[in-house]
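S.K.: In our numbering, the protein residues as written are 33 to 603.
Don't be surprised by glycine CBs; every beta carbon is placed ideally from N, CA and C.
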């Protein structure tokens, strides 16, 4: 009398399906009669009638209870049906997910196809730029973005072929056929050259495919080895006229440190050698606007007087170091009187050669300064740099201080004093006042930032209204301890704050101190306070108080990875 038959899985499954279909048919009949599964009283479907009606009929025809075996069979049927319905439900869920994914992909494709050509071109250009790293480096082995776009569909191909900017990044390590293809599609490219002894030599014939008069940009990544000198030598031979089309130049020396024939460690190279320097100085670049030099400082002025954006990075890692030639640096700046934006990055620069005038340079258009100091960079070097620049006309200032060790707090304090203290004893320029600065950003790693440090910084910029701070965990935000008469942050309209990711989850102290500061009348002009924390679960009360003080002006952001803006990437 058993309902199951061992060894007959197909027939068994069919019986289960028949049982479910019969129950669903009974449910359909009940619904047609006006009953409902979620009904009440007499309007509710009798579930027992749906799935085990035989038991009800047996009870109606006989006053005795149904035999135990029939009840067991009914229970087995219902449990098996429930298990099968669960499998059917999972199958239905999988089908829903598959159709959803397929539909989403089709919707995305349809959505892109509905975009006008100009907007689609803009999206393509952004996609291509993603293949260029934040520091401007292009890996020739992975940079196939234009070809990928052109292979998606006929319309994508047509849009890609009609946009020269999508094909503007050209590596001389591409195949000859590939370079010729790019030339057909973009007459004014940005040329990327990677020259080091670890790769195969650069094919010098590539220089003749694209005439240098057409180069919009040149990105030269080299190590001062034989391969790099060969590239400079070849450039010297072919460049015999002004580089009228050149707008962007990047030279990056990635070599660490070598050894001489006697096995002695050579100094870390941060300047161009004499021969390569003469080659670079001979180039006439009348329309160059963006210049990036990484450990490749020229020792003589360049012929690029229209540069508006200059980025200089000096990075040293070994004990044998080459002193920074401040005379050459000063001469370089003097050759670019129209600079509007200056970015200087100093890492482990312990000393500098300095035999030049102490008077600041005349850079009347300079309005934006980004200064990054890290590692074991000395106060002497920081001071020598600050003496070059007139800060009174700056409107944008970005600073970053990052050490190797956090047990030398005085180093950070000395750096800050060198930049901001107008009574700094070693200064021969006078007050370093940032009177016109309106936008200011500060990033500090590991060092503690005291209230006195904040006051020392903000008291020099009375007109600042937009501030961005990335701070270590033990920064002291007891700003309310300063008197309002100190004239600190009186024009503040926007404040962004992020604490570094290594801090604990409890931010109560920081929130209470901020609330205390703004509650004391320091929020009159504030339009937006943007906070990014790891977690607020333990600081609900402090957050609520700050929300009460600022209302809709307070914005809490989910944690995200903040990348310090790159120097001046090739555009």
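#1: What residue from 67, 478 and 468 has the CA that sits closest to residue 443's CA?
#2: Would a C-beta distance cut-off of 8 Å place residue 384 and residue 356 closer than the cut-off?
#3: Between which residues of its own chain and residue 400 is the CB-CB distance below 6 Å, once the five residues before and five after are set aside?
#4: Using a Cβ-Cβ cutoff of less than 7 Å, which residues in the same chain neighbour residue 175 once the five nearest sequence positions on both sides are dropped?
#5: If you reduce the DSSP assignment to three classes, tell me which class residue 302 lands in.
#6: Out of 572, 528, 520 and 559, which one is the CA nearest neighbour of residue 541?
#7: Compute the Euclidean distance between the alpha carbons of residue 48 and residue 126, then round it to the nearest angstrom.
#8: By DSSP, does residue 548 sit in helix, in strand, or in coil?
#9: In whole angstroms, what is the alpha-carbon distance linking residue 50 and residue 56?
#10: When DSSP builds the beta bridges, which residues end up paired with residue 441?
#11: If residue 546 and residue 504 are in contact, beta carbons under 8 Å, what's the gap, nearest whole angstrom?
#12: Which one of 422, 441 and 381 has the shortest CA to CA distance from residue 413?
#13: What's the gap between the Cα of residue 277 and the Cα of residue 265?
#14: By how many angstroms is the C-alpha of residue 326 removed from the C-alpha of residue 449?
#15: Between the C-alpha atoms of residue 241 and residue 262, what's the straight-line distance to the nearest angstrom?
#16: State buried or exposed for residue 322, treating a residue as buried only when at least 16 other CB atoms are found within 10 Å of its CB.
#17: Would residue 586 and residue 579 qualify as a contact pair, given that the criterion is a beta-carbon distance under 8 Å?
#18: Three-state secondary structure (DSSP) at residue 224?
#19: For the alpha helix (DSSP H) containing residue 159, name the first residue and the last one.
#20: Can you give me the start and stop residues for the alpha helix (DSSP H) that residue 358 sits inside?
#21: By how many angstroms is the C-alpha of residue 58 removed from the C-alpha of residue 106?
#22: Rounded C-beta distance between residue 507 and residue 469? I'm assuming under 8 Å.
#23: Going by DSSP in three states, residue 42 sits in which element: helix, strand or coil?
#24: Rounding to the nearest angstrom, what Cα-Cα distance links residue 178 and residue 54 in this structure?
#25: Can you tell which of 310, 283 and 268 has the C-alpha that lies nearest to the C-alpha of residue 254?
#26: What's the C-alpha gap between residue 45 and residue 71?
#27: Taking the beta strand (DSSP E) that residue 644 falls in, what are its first and last residues?
#28: Apart from the five residues on each side of it in sequence, which residues of its chain come closer than 8 Å, Cβ to Cβ, to residue 86?
#29: I'd like to know whether the C-beta atoms of residue 120 and residue 156 end up nearer to each other than 8 Å.
#30: If you follow the alpha helix (DSSP H) that residue 397 is part of, which residue opens it and which one closes it?
#31: Hey, quick one: how far does the beta strand (DSSP E) through residue 565 stretch, first residue to last?
#32: So who's on the other strand from residue 529, going by DSSP bridges?
#33: Beta-carbon within less than 7 Å of residue 557's beta-carbon, same chain only, minus the 5 sequence neighbours each way: which residues are those?
#34: Rounded to whole angstroms, how far is the Cβ of residue 361 from the Cβ of residue 334, which I believe are closer than 8 Å?
#35: Please state if the CB of residue 222 and the CB of residue 244 are separated by a distance shorter than 8 Å.
M.R.: In short:
#1: In the chain shown, counting from the first residue as 1, residue 443 sits at position 411. Looking at the Cα atoms, 478 is the closest of the given residues.
#2: Position 352 of the chain shown, counting from 1, holds the residue named residue 384. Position 324 of the chain shown, counting from 1, holds the residue named residue 356. Yes, these two residues count as a Cβ contact at 8 Å.
#3: Position 368 of the chain shown holds residue 400. Once the five neighbours on either side are set aside, the close Cβ partners of residue 400 are 373 and 428.
#4: Start at 1 with the first residue of the chain shown, and residue 175 comes out as number 143. Excluding positions up to five away in sequence, the list reads 163, 201 and 203.
#5: Locating residue 302 in the chain shown gives position 270, where the first residue counts as 1. It is coil, neither helix nor strand.
#6: For the purposes of this step, residue 541 is taken as the residue at position 509 of the chain shown. Ranking 572, 528, 520 and 559 by Cα distance to residue 541 puts 572 first.
#7: Translated into the one-based positions of the chain shown, residue 48 becomes position 16. Translated into the one-based positions of the chain shown, residue 126 becomes position 94. Straight across, the Cα-Cα distance linking residue 48 with residue 126 is about 22 Å.
#8: The count along the chain shown starts at 1 and reaches residue 548 at position 516. Helix.
#9: The residue you call residue 50 lines up with position 18 of the chain shown. The residue you call residue 56 lines up with position 24 of the chain shown. Cα to Cα, residue 50 sits roughly 10 Å from residue 56.
#10: As a first step, residue 441 must be located in the chain shown, where it is residue number 409. BP columns for residue 441 are empty, so no partner.
#11: Here residue 546 refers to the residue found at position 514 when the chain shown is read from its first residue. Here residue 504 refers to the residue found at position 472 when the chain shown is read from its first residue. The C-beta distance from residue 546 to residue 504 rounds to 16 Å, too long to fall under 8 Å, and the pair is not in contact.
#12: As a working mapping, residue 413 is identified with position 381 in the chain shown. Considering only alpha carbons, the answer is 381.
#13: As a first step, residue 277 is located in the chain shown; it is residue number 245 there, counting from the start. As a first step, residue 265 is located in the chain shown; it is residue number 233 there, counting from the start. C-alpha separation (whole angstroms): 21 Å.
#14: To locate residue 449, count along the chain shown from 1; it is residue 417. To locate residue 326, count along the chain shown from 1; it is residue 294. Note on geometry: alpha-carbon atoms of residue 449 and residue 326 lie some 27 Å from one another.
#15: Here the question's residue 241 lines up with position 209 in the chain shown. Here the question's residue 262 lines up with position 230 in the chain shown. Just so you know, the alpha carbons of residue 241 and residue 262 end up roughly 18 Å apart.
#16: On the chain shown, residue 322 is found 290 positions in, with the first residue counted as 1. It counts as buried.
#17: As a working note, residue 586 is residue 554 in the chain shown. As a working note, residue 579 is residue 547 in the chain shown. Yes. Within cutoff.
#18: If you number the chain shown from 1, residue 224 lands on position 192. Reduced to three states, the DSSP call for residue 224 is strand.
#19: In the chain shown, the residue the question calls residue 159 occupies position 127. Per DSSP, residue 159 belongs to the alpha helix (DSSP H) from 149 to 161.
#20: Along the chain shown, one-based indexing puts residue 358 at 326. Segment 358 to 366, the alpha helix (DSSP H) holding residue 358.
#21: Counting from one through the chain shown, the residue named residue 106 turns up at place 74. Counting from one through the chain shown, the residue named residue 58 turns up at place 26. Rounded to the nearest angstrom, the two C-alpha atoms are 16 Å apart.
#22: Residue mapping note: residue 507 aligns to position 475 of the chain shown, counting from 1. Residue mapping note: residue 469 aligns to position 437 of the chain shown, counting from 1. About 21 Å separates the two Cβ atoms, so there is no contact after all.
#23: Here residue 42 refers to the residue found at position 10 of the chain shown. Residue 42 falls in the helix class under three-state DSSP.
#24: Sequence index remark: in the chain shown, residue 178 carries index 146 (1-based). Sequence index remark: in the chain shown, residue 54 carries index 22 (1-based). Residue 178 and residue 54: Cα-Cα distance of roughly 60 Å.
#25: Your numbering for residue 254 matches position 222 in the chain shown. Each of 310, 283 and 268 was checked against the Cα of residue 254, and the nearest Cα belongs to 283.
#26: Residue 45 sits at position 13 when you count from the first residue of the chain shown. Residue 71 sits at position 39 when you count from the first residue of the chain shown. Cα to Cα, residue 45 sits roughly 32 Å from residue 71.
#27: Residue 644 cannot be examined here, being either before or after the span of the chain that is shown, 33 to 603.
#28: In the chain shown, counting from the first residue as 1, residue 86 sits at position 54. If we look at residue 86 and ignore the five residues flanking it on each side, its Cβ neighbours are 102 and 106.
#29: By one-based count along the chain shown, residue 120 stands at place 88. By one-based count along the chain shown, residue 156 stands at place 124. Against a cut-off of 8 Å, the Cβ pair of residue 156 and residue 120 comes out as no contact.
#30: Translated into the one-based positions of the chain shown, residue 397 becomes position 365. Residue 397 -> no alpha helix (DSSP H), and no H or E assigned at all.
#31: As a working mapping, residue 565 is identified with position 533 in the chain shown. It is not in any beta strand (DSSP E) - residue 565 carries neither H nor E in the DSSP assignment.
#32: Looking up residue 529 in the chain shown gives position 497. As computed with DSSP, residue 529 is found in a beta bridge with 501 and 563.
#33: Indexing the chain shown from 1 puts residue 557 at position 525. Within the same chain, residue 557 has close Cβ partners 523, 524 and 525.
#34: Taking the chain shown and counting its residues from 1, the one referred to as residue 361 is at position 329. Taking the chain shown and counting its residues from 1, the one referred to as residue 334 is at position 302. Actually they do not touch by this definition, with Cβ atoms about 12 Å apart.
#35: What you label residue 244 is simply residue 212 of the chain shown in a count that begins at 1. What you label residue 222 is simply residue 190 of the chain shown in a count that begins at 1. No, the pair does not count as a contact, with Cβ atoms beyond the cut-off.
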